[in-house]
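A.B. asks: The structure follows.
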């Protein structure tokens with residue numbers, strides 16, 4: 009993921025270094041790598057949010073089960 013984002017940063021900075029880079033095919037290729045990197049970041053964030061939601065849900069469910077067991081034993 010980080011190499012893709014690094015190449016994307018290069019695609020943004022390169023036109024300021026060399027104006028000829030602006031119209032080259034290499035810029036499009038590097039921009040494609042940046043898009044892949046951003047897609048990786050988006051997937052990672054989505055998986056983190058889903059994991060947090062599932063963990064919270066399971067914790068709430070576990071607490072409810074423990075309370076039910078307490079009521080039954082007491």
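Residue numbers (the working numbering): 9 to 82. Glycine is no exception: its CB is placed at the ideal position from the N, C-alpha and C atoms. All figures in this text were calculated on a predicted structure; none of them were measured in a lab.
Could you tell me the alpha carbon to alpha carbon distance between residue 51 and residue 80, rounded to whole angstroms?
C.D. replies: Within the chain shown, numbered from 1, the residue matching residue 51 stands at position 43. Within the chain shown, numbered from 1, the residue matching residue 80 stands at position 72. Going by the C-alpha atoms only, they are around 43 Å apart.
A.B. asks: Does DSSP classify residue 32 as helix, strand or coil?
C.D. replies: As a working mapping, residue 32 is identified with position 24 in the chain shown. Of the three classes helix, strand and coil, the one that applies to residue 32 here is coil, per DSSP.
A.B. asks: Buried or exposed: where does residue 57 fall if 16 or more other Cβ atoms within 10 Å of its Cβ makes it buried?
C.D. replies: By one-based count along the chain shown, residue 57 stands at place 49. With fewer than 16 Cβ atoms within 10 Å of its Cβ, residue 57 is classed as exposed.
A.B. asks: Is the distance from the Cβ of residue 38 to the Cβ of residue 19 below 8 Å?
C.D. replies: Taking the first residue of the chain shown as 1, we reach residue 38 at position 30. Taking the first residue of the chain shown as 1, we reach residue 19 at position 11. Result yes, Cβ atoms of residue 38 and residue 19 sit closer than 8 Å.
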